[in-house]
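Chemist: Per our numbering, residue 360 is the first one in the sequence shown, and the count goes up by one each step.
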Amino acid sequence: MVNKMEMKHYEALLNKRGVSGNEKSVRNYLETEYKKYDVEILKDNLGGIFAVKKGNKDDLRIVVAAHMDEVGAMVSNITKDGFVKFIAIGGVIPEVFVSQHIEIITKDDKIVNGVIASIPPHLNNEQKDFKIENLFIDLGLSSKQEVLDLGIDIGSFVNFKNQYYNLSDPNKIVSKAWDNRFGCAMTITLLESIQNVTHNNTLIFGATVQEEVGLRGAKVASQMLKPDLFIALDASPTSDFLNAPEGFGKLGEGFLVRMYDPGYIMNSQVKEYITSLAIKNNIKFQEFFSKGGTDAAAAQYNSEVALTIGLPCRYIHSTASIVDKRDIEAVKEILIAIIKDLDKEKFLKIKK
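(1) Would you kindly report the start and end of the unbroken alpha helix (DSSP H) that includes Lys367?
(2) For Met618, I'd like the list of residues in its chain whose CB is within less than 6 Å of its CB, leaving aside the five on either flank, ordered along the chain.
(3) DSSP beta-bridge partners for Cys543?
(4) Counting C-beta neighbours from all protein chains within 10 Å, is the total for Gln628 16 or more, i.e. buried, or is it exposed?
(5) According to the neighbour-count rule (16 or more other Cβ atoms, all chains shown, within 10 Å of its Cβ), is Pro671 buried or exposed?
(6) Give a yes or no on whether 8 Å exceeds the smallest Cβ distance from Asp417 to chain C.
(7) Tell me, to the nearest whole angstrom, how far the beta carbon of Val378 is from that of Gly431; I am working on the premise that it is less than 8 Å.
(8) Give the list of continuous alpha helix (DSSP H) stretches no shorter than 4 residues that lie fully inside the segment 624-652.
(9) Which first and last residues belong to the alpha helix (DSSP H) in which Asp508 is found?
(10) Using only alpha-carbon positions, find the residue among Lys643, Ala655, Lys585 and Thr667 that is nearest to Glu688.
(11) Count the C-beta pairs between the segment 513-525 and the segment 404-423 that are closer than 8 Å, then say yes if the count reaches three, no if not.
(12) If you count every other CB in all the chains shown that lies within 10 Å of the CB of Ile400, and 16 or more means buried, which is it?
(13) In angstroms, rounded to a whole number, what distance separates the CA positions of Lys395 and Ser552?
(14) Taking the alpha-carbon of His525 as reference, which of Tyr393, Glu370, Ile697 and Gly407 has the nearest alpha-carbon?
(15) Taking three-plus beta-carbon pairs below 8 Å as touching, is the segment 457-473 in contact with the segment 550-564?
(16) With three or more C-beta pairs closer than 8 Å as the rule, is the segment 576-591 touching the segment 418-431?
(17) Does Ala696 come out as helix, strand or coil in the three-state DSSP assignment?
(18) Is it true that the CB of Ser581 sits closer than 8 Å to the CB of Ala658?
(19) Just to confirm my understanding: we take Glu492, look at its own chain, exclude 5 residues before and 5 after, and list those with CB closer than 8 Å. What are they?
(20) How would you call Gln504, buried or exposed, if buried means at least 16 neighbouring beta carbons within 10 angstroms?
(21) Going by the beta-carbon positions, is the gap between Ala577 and Ile408 smaller than 8 Å?
(22) Rounded to the nearest angstrom, how far is the Cβ of Thr330 from that of Asp417, given a contact under 8 Å?
(23) Go ahead and pull the three-state DSSP assignment for Asn387.
(24) In the segment 426-494, which residue ranges form an unbroken beta strand (DSSP E) of at least 3 residues, counting only runs that do not cross its ends?
(25) What does the alpha-carbon distance come out to for the pair Ala679 and Lys375?
(26) Could you pull out every residue in the same chain whose Cβ sits closer than 8 Å to the Cβ of Ser515, ignoring the five residues on either side in sequence?
(27) Under the three-state reduction of DSSP, which class applies to Thr567: helix, strand or coil?
(28) Is Pro453 near Leu494, with beta carbons less than 8 Å apart?
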């Protein structure tokens with residue numbers, strides 16, 4: 360099971376602020392942790408960071424990458440009365456924003472607390488459709504100048520204030536940003552876990568930026584890294600609370616083998632390799648179909664083979680997403696199994 364030290368990385372990263380385009384606090388944390396190991400640090404021009412761990416040979420370049428960014432918002436206007444208008448960054452439905460506690464990052468990286476207004480029923484006789492353009496942030500101020508004096512302006516980033524806690528079932532953890540701080544923490548865990556593993560490949564662990572707004576970081580990173588195998592780590596939405604058909608993920612049933620999404624279709628040889636390896640090592644997994652995409656969709660154009668290993672996550676792109684620690688362990692186990700097992704001969708078979 361995932362140990363306490365590993366969970367400290369998850370909690371620390373989940374509590375970081377890192378809306379798409381402003382991932383530096385996450386990147387700084389990763390860089391500090393990566394440098395504790397015997398690795399070469401690489402950075403791309405958009406903000407991605409990677410730790411290169413060389414094996415006995417350079418048979419394959421295997422990249423295991425998460426993305427640092429989370430969904431959130433950006434200041435788009437400040438009214439004369441000191442209320443702050445905003446746009447969504449990433450796929451957030453309007454209902455998620457209502458009544459949220461938020462943090463705005465100022466020009467000098469200070470935090471200003473606020474709430475997103477919710478009109479009580481006593482004052483709202485007409486039920487209106489939720490639209491982001493009708494919402495606003497209340498900072499407790501009364502003029503535009505007061506807001507500007509705090510260092511807030513058009514373009515300031517807006518983050519959700521986090522609550523991280525275990526549910527009655529201690530395996531279930533609630534937090535914002537499981538998508539995709541899970542993957543970021545996993546790269547640190549993998550670096551620790553493979554220190555004494557003998558292999559003939561170049562292993563590259565890291566994280567891209569701006570995935571939530573168009574897979575932008577993966578396009579840049581994959582061009583720089585030129586992987587033979589690119590494994591995207593990501594948290595993906597379950598529908599087990601909706602009594603949905605099989606193939607859309609359940610908590611506690613293992614890692615996700617992403618078969619299809621609008622930007623990617625898994626090669627049958629890749630599926631056979633991953634699922635056979637999981638069965639051989641008694642690792643629980645689920646075939647998964649998605650309406651969203653991951654960095655694998657962008658990286659496949661610059662990689663010999665790309666795939667996604669996913670973590671099931673309820674209520675994704677909200678402030679109260681839920682994961683199961685047993686699924687995190689399953690992701691860790693299959694990734695270590697791939698690292699130990701994959702050689703050049705097996706990879707050539709997968710490519711076919």
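No residue lacks a Cβ here, since even glycine has one placed at the ideal position from N, Cα and C.
These numbers come from a predicted model, not from an experiment.
Modeler: Answer, in terms of the structure:
(1) If you number the sequence shown from 1, residue 367 lands on position 8. It spans Lys363 to Leu373 - the alpha helix (DSSP H) in which Lys367 sits, taken as one unbroken run.
(2) For the purposes of this step, residue 618 is identified with residue 259 of the sequence shown, where counting begins at 1. Around Met618: Met625, Glu646 and Phe648.
(3) Here residue 543 is taken as the residue at index 184 of the sequence shown, counted from 1. Answer is none; Cys543 lacks a bridge partner.
(4) Stepping through the sequence shown from its first residue, residue 628 is reached at position 269. Exposed, since its Cβ has fewer than 16 Cβ neighbours within 10 Å.
(5) Along the sequence shown, read from residue 1 onward, the residue named residue 671 stands at position 312. With 16 or more other Cβ atoms within 10 Å, it is buried.
(6) Among the chains of the structure shown, chain C does not appear; only one protein chain is present.
(7) For the purposes of this step, residue 378 is taken as the residue at position 19 of the sequence shown. For the purposes of this step, residue 431 is taken as the residue at position 72 of the sequence shown. Rounded, the Cβ-Cβ distance is 3 Å, consistent with contact.
(8) 627-639
(9) Looking up residue 508 in the sequence shown gives position 149. Residues Lys503 to Asp508.
(10) Position 329 of the sequence shown, counting from 1, holds the residue named residue 688. Here the closest residue by C-alpha is Lys643.
(11) no
(12) In the sequence shown, residue 400 corresponds to position 41, counting from 1. The residue is exposed, with fewer than 16 neighbouring Cβ atoms inside 10 Å.
(13) Taking the first residue of the sequence shown as position 1, residue 395 is located at position 36. Taking the first residue of the sequence shown as position 1, residue 552 is located at position 193. Their backbone Cα atoms lie some 13 Å apart in a straight line.
(14) As a first step, residue 525 must be located in the sequence shown, where it is residue number 166. Reading off the sequence, residue 525 comes out as Asn, not His. Nearest option by C-alpha distance: Glu370.
(15) no
(16) yes
(17) Taking the first residue of the sequence shown as position 1, residue 696 is located at position 337. Looking at Ala696 - three-state DSSP - the assignment turns out to be helix.
(18) The residue you call residue 658 lines up with position 299 of the sequence shown. The residue you call residue 581 lines up with position 222 of the sequence shown. Yes, the Cβ-Cβ distance between Ala658 and Ser581 is below 8 Å.
(19) Counted from its first residue, the sequence shown places residue 492 at position 133. Leaving aside the five residues that flank Glu492 on each side, the residues in its chain whose CB is nearer than 8 Å to its CB run, in chain order, Lys444.
(20) Within the sequence shown, numbered from 1, the residue matching residue 504 stands at position 145. By the 10 Å Cβ count, Gln504 comes out exposed.
(21) Start at 1 with the first residue of the sequence shown, and residue 577 comes out as number 218. Start at 1 with the first residue of the sequence shown, and residue 408 comes out as number 49. It is not a contact, given that the beta carbons lie outside the stated cut-off.
(22) What the structure shows of the chain is the stretch from 360 to 711, and residue 330 is not part of that stretch, so it cannot be assessed.
(23) To locate residue 387, count along the sequence shown from 1; it is residue 28. Here Asn387 sits in helix by DSSP.
(24) For the segment 426-494, whole beta strand (DSSP E) runs of length 3 or above, ordered along the chain, are 431-437, 443-448, 460-464 and 470-475.
(25) As a first step, residue 679 must be located in the sequence shown, where it is residue number 320. As a first step, residue 375 must be located in the sequence shown, where it is residue number 16. Roughly 15 Å between the two C-alpha positions.
(26) Position 156 of the sequence shown holds residue 515. So the qualifying residues of the chain are Met433, Val434, Ile463, Ile464, Thr465 and Lys466.
(27) Sequence index remark: in the sequence shown, residue 567 carries index 208 (1-based). Strand.
(28) Translated into the one-based positions of the sequence shown, residue 453 becomes position 94. Translated into the one-based positions of the sequence shown, residue 494 becomes position 135. Yes, Cβ-Cβ distance for Pro453 and Leu494 is below 8 Å.
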